[in-house]
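Report on the structure given below.
Number of protein chains: 2
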Amino acid sequence: MDIRTVADRANVSIATVSRTINRIPSVNPKMAKRVWDAIRELGYFPNTQARALGSGRSGILGLVVSDITNPFFPELIQGFEDVAVKSGYEILVSSTNYDPARMEMCIRRMLERKAEGVAVMTFGIDQPSIDQLVQRNVPLVFVDVGPDRPGISLLKVNYHRGIRQGVQHLAALGHRNIAFISGPLDQHSAQERIDAFSQSLAECGIPLTKEWLIEGDHTLEGGIRGMEQILAGSSRPSAIMCSNDMTAVGVLHKAYKAGLRIPQDLSVIGFDDIHMARAVIPPLTSVQMSRIDLASAAVNALRAHAESKSPHREYPIETQLVVRESTGFPPGTMQHLQRKVAAQPSRSARLVAR
Amino acid sequence: MDIRTVADRANVSIATVSRTINRIPSVNPKMAKRVWDAIRELGYFPNTQARALGSGRSGILGLVVSDITNPFFPELIQGFEDVAVKSGYEILVSSTNYDPARMEMCIRRMLERKAEGVAVMTFGIDQPSIDQLVQRNVPLVFVDVGPDRPGISLLKVNYHRGIRQGVQHLAALGHRNIAFISGPLDQHSAQERIDAFSQSLAECGIPLTKEWLIEGDHTLEGGIRGMEQILAGSSRPSAIMCSNDMTAVGVLHKAYKAGLRIPQDLSVIGFDDIHMARAVIPPLTSVQMSRIDLASAAVNALRAHAESKSPHREYPIETQLVVRESTGFPPGTMQHLQRKVAAQPSRSARLVAR
DNA sequence: AAAGCCGTCTCCAACGTTACAGGTTCATTG
DNA sequence: CAATGAACCTGTAACGTTGGAGACGGCTTT
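For the protein sequence lines, the chains are A and B, in the order given. Residues 847 to 1200 (this note's numbering) are what the first sequence spells out, left to right. Residues 847 to 1200 (this note's numbering) are what the second sequence spells out, left to right.
Next comes the structure, spelled out in structure tokens:
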């Protein structure tokens, strides 16, 4: 069944059917009704492939993520899909698994399917494979950093704000010994988060301890390894900031295994504020980076390019601390002793809660 | 740039280029080399849309899931993608969010893109919208149950085995009061899990308490609500089985909030064994349902139909208990008292561990 | 030497749609 | 009443690929 079948049944030409479907205003409402009736009776719907071939427009927006298994990404994908579908696009998701070969495949997939724009949300970009997209003038969106060319937009995440809030929160509680478990150092966003952390530390007059700057990999296992490294160290921090929530969950797990109580013995802060952060034990204090904002900024940037209507080069994304129960006074302080009496004094230190 | 450009550069006809790309054996190796060289020099790759239109084959396998935000599904998607790509297919994922209207959209997407097969992994099927696919002879795979027609395969999950192992594990520890938080009752798989649970209970001579059969919804929040309901009940079970891991995480969270220690005061068993189950606190005893098995059975079934080579009607999927630390002796038993002395006696009760 | 037959190539008609260039109809106008 | 033009319709050439129908050498067979 194709457009011809519909045309025959409605007694119009296929061109009219096409124009009806595409809601071109110059079609007589009477005819349009006949066409729609025929469409309904036949259960017809257009063939996307043929449509794309004819029009030269695929109506596809690509999304490349690094690890679909990290809960942050599904939440992002869902937001991206919602916004894209509302704008009349379909989406094509691909996961690189931090593997350059797979990244290559992903890019190729996007190219073959003629995606009209691709959001690369891997937080670490493999330049050579991206070049293929740049050369073919596919609109692109990156996080944080990317080549400065027309057709490319950047989602500028304000890591500094949320991370500073986190460090200040810890400092206010009395922490002076704070570790940081980062993402892979070759990822630009990991570097940015570290910078924000050390800068915030400086602002609070807290010295940076090299030993406590640990490279993780944004996975559960990375968090566990990071925590092991901290436990094996010569001295122990009273608080740990993590570059993402999965890392924090790993830290929480390892701390539990080691018999450390959170937050009495150790405070932990995550980053991303994934949905599950509120349900882990104890509920995780985390720097929120809105998936919805990220997703809609990405789609909007891509649309702006694809439909050529004044795209911006940069889209700011805010971050913000959400205080829950994984942070408290450092062990051995007055406040800590008080804590044993009061039910949950850390509540009073809460900035944002739910 | 198109196939013609390549043909010109290699000094052959477009048909030869097409046949070279598709590795048809009847092309002279000399020519093939010329063609491949031209392809490489130009950076050419075929247009998937045109290809699909010409050949009538889209090379797309669809995957419909109910909630991409539930960690079980991303793990499934990844497996599905791996297997599909290895078999030369691309995948198209869509998430219904338990919303019939979105389900409709998903189906339509699959139809428009001419998917050669669709795996519906929603664990609860909305008959009317599925019919469109059935009518158009799209090969389908369902979980547990589906219409008995050619072109449709079923993934028969052996819920009974894993759940019985769970109940037996609890019974062996001495539990007699076991609650069950199910999935949405209108989902067939939820029903099957309940059946397996009550049957296993009967096998162990444990009475079923109606009050402790609670309807959840496979989300974190559902687990929290389920636990609230249990806490509000007239009597309290010593163990809870959950229909999936997210529910169990919710239970763990609420138990923590209520000041209950796991497993000393309450044992909890999940279902799915998501990756994070090993990292929650305490590590969750769970019934494992292999995503890899599920994914590869789904792809194989779809391929068998699409390439018409002896498809099976049913593909069995096994489940198995993985014992971790969220289960222990019920409170107030001799063993429980012993437990206070020994470091981690529950270890001895472990069937499978890691 | 004619016939037959491979192996390998080219030509060209689909595939289902869009979009543009013309048509046709019909009311309005001088 | 013919001319005008707006409104709306139809015909058809793309779009990039596939795949079947032949064509064309060069080889073997009779």
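Backbone N, C-alpha and C fix where the C-beta goes; we use that ideal spot for every residue, glycine too. None of the values given here were measured: they were computed from a predicted structure.
Give me the residue from the options with the minimum Cα distance to residue i.
i	options	result
VAL939 (chain A)	A:LEU1112, A:ASP1118, A:GLY1068 and A:ALA965	A:ALA965
ASP1041 (chain A)	A:ASN1023, A:HIS1006 and A:LEU1106	A:HIS1006
THR968 (chain A)	A:MET949, A:PRO974 and A:GLN981	A:MET949
ASP1111 (chain A)	A:MET1092, A:PRO1083 and A:VAL1169	A:PRO1083
ALA961 (chain B)	B:THR1131, B:SER904, B:LEU1000 and B:LEU1059	B:SER904
ALA1078 (chain B)	B:HIS1034, B:THR1179 and B:LYS1100	B:LYS1100
GLY1105 (chain A)	B:PRO1128, B:GLN1033 and B:ASN1146	B:PRO1128
CYS1050 (chain B)	B:GLY1062, B:ALA1018 and B:GLY1068	B:ALA1018
PRO946 (chain B)	B:THR1165, B:LEU1016 and B:PRO974	B:PRO974
ARG886 (chain B)	B:ASN893, B:PRO985, B:ARG855 and B:ILE860	B:ARG855
LEU1157 (chain B)	B:ASN857, B:PRO985 and B:TYR935	Note that residue 1157 (chain B) is Pro in the sequence shown here, rather than Leu. Among B:ASN857, B:PRO985 and B:TYR935, the Cα nearest to that of PRO1157 (chain B) belongs to B:PRO985.
ARG954 (chain B)	B:VAL910, B:LEU922, B:VAL989 and B:VAL1095	B:VAL910
LEU1000 (chain B)	B:ASN1146, B:VAL852 and B:ASN1090	B:ASN1146
ARG880 (chain A)	A:LEU1130, A:VAL858 and A:PRO1030	A:VAL858
TRP1058 (chain A)	A:GLN1075, A:SER864, A:ILE849 and A:ARG1071	A:GLN1075
THR1055 (chain B)	B:MET1073, B:HIS1034 and B:ARG1022	B:ARG1022
ASP1119 (chain A)	A:PHE919, A:MET877, A:ARG897 and A:THR894	A:PHE919
PRO1053 (chain A)	A:ALA1025, A:VAL1097, A:ARG1071 and A:ILE867	A:ALA1025
GLN1033 (chain B)	B:ASN868, B:ASP990, B:ILE870 and B:LYS876	B:ASP990
ILE906 (chain B)	A:ARG959, A:ILE914 and A:ASN874	A:ARG959
Contact criterion: CB-CB distance below 8 Å. Does residue i meet it with respect to chain B?
i	result
VAL1126 (chain A)	yes
LEU1077 (chain A)	no
PRO917 (chain A)	yes
LEU1106 (chain A)	no
GLN1166 (chain A)	no
ARG850 (chain A)	no
SER912 (chain A)	no
Excluding the 5 residues preceding and the 5 following residue i in the sequence, name in chain order all residues of the same chain whose CB lies nearer than 8 Å to its CB.
i	result
LYS932 (chain A)	none
LEU899 (chain A)	none
State the start and end residues of the unbroken alpha helix (DSSP H) segment that holds residue i.
i	result
VAL873 (chain B)	Premise fails: VAL873 (chain B) is in no alpha helix (DSSP H) and is neither H nor E.
GLU1171 (chain B)	Premise fails: GLU1171 (chain B) is in no alpha helix (DSSP H) and is neither H nor E.
VAL1097 (chain B)	1091-1103
ASP928 (chain A)	918-932
ALA1018 (chain B)	1005-1019
MET951 (chain B)	946-958
Can you confirm whether residue i, when its beta carbon is compared against all beta carbons of chain A, has any partner nearer than 8 Å?
i	result
PRO1191 (chain B)	With a pLDDT of 40 at PRO1191 (chain B), under the threshold of 50, the predicted position of this residue should be treated as unreliable, though the coordinate-derived value follows. No, PRO1191 (chain B) lies away from the interface with chain A (no Cβ there is under 8 Å from its Cβ).
ILE860 (chain B)	no
LEU1066 (chain B)	yes
LEU1059 (chain B)	no
LEU986 (chain B)	no
GLN895 (chain B)	yes
Enumerate in chain order the residues of its own chain whose CB-to-CB distance from residue i is below 6 Å, with the five nearest sequence positions on each side excluded.
i	result
GLN1011 (chain B)	LEU1167
LYS1002 (chain B)	GLU1160 and PRO1162
SER1142 (chain A)	VAL929
MET956 (chain B)	GLY908 and VAL964
PRO1109 (chain A)	SER1172, THR1173 and GLY1174
GLY925 (chain B)	ARG1137, ILE1138 and ALA1141
CYS952 (chain A)	VAL910, SER940 and THR942
Leaving out the 5 sequence neighbours to the left and right, which residues in its chain are closer than 7 Å to residue i when beta-carbon positions are compared?
i	result
ASN983 (chain B)	GLY997
PRO993 (chain B)	VAL980
ARG1149 (chain B)	SER933
MET1092 (chain B)	ASN916, HIS1064, THR1065, LEU1066 and GLY1069
MET1122 (chain B)	PRO917
I need the boundaries of the beta strand (DSSP E) containing residue i, first residue and last residue.
i	result
THR1055 (chain B)	No beta strand (DSSP E) holds THR1055 (chain B); DSSP gives it neither H nor E.
ALA965 (chain A)	963-967
GLU936 (chain B)	936-941
LEU907 (chain A)	906-911
VAL1133 (chain A)	1131-1135
TYR1161 (chain B)	1160-1163
SER1084 (chain B)	That residue, SER1084 (chain B), is in no beta strand (DSSP E); it is neither H nor E in DSSP.
LEU1031 (chain A)	Premise fails: LEU1031 (chain A) is in no beta strand (DSSP E) and is neither H nor E.
- For the stretch 864-892 of chain A, which residues have a beta carbon sitting closer than 9 Å to at least one beta carbon of chain B? Answer in chain order: GLY889, PHE891 and PRO892.
- Please list the residues of the stretch 938-962 of chain A that have a C-beta atom closer than 9 Å to any C-beta atom in chain B, keeping them in chain order. Residues of the stretch 938-962 of chain A with a C-beta atom less than 9 Å from some C-beta of chain B are LEU938, VAL939, SER940, SER941, ASN943, MET951, ARG954, ARG955, LEU957, GLU958, ARG959 and LYS960, listed in chain order.
- Members of the stretch 921-935 of chain B near chain A, C-beta cut-off 8 Å: So the list reads GLU921, ILE923, GLN924, GLU927 and VAL931, given in the order they occur along the chain.
- Query: Relative to chain A, which residues along the stretch 1114-1145 of chain B have a C-beta separation below 9 Å, given in chain order?
  - Reply: Those would be HIS1121, MET1122, ARG1124, ALA1125, VAL1126, ILE1127, PRO1128 and PRO1129, in chain order.
- Compile a chain-ordered list of the residues in the stretch 1087-1101 of chain B whose CB is closer than 8 Å to at least one CB of chain A. Within the stretch 1087-1101 of chain B, those residues whose Cβ lies closer than 8 Å to any Cβ of chain A are, in chain order, VAL1095, GLY1096, LEU1098 and HIS1099.
- Item | the stretch 898-911 of chain A: positions lying closer than 8 Å to chain B by Cβ | So the close ones are ALA898, LEU899 and SER904.
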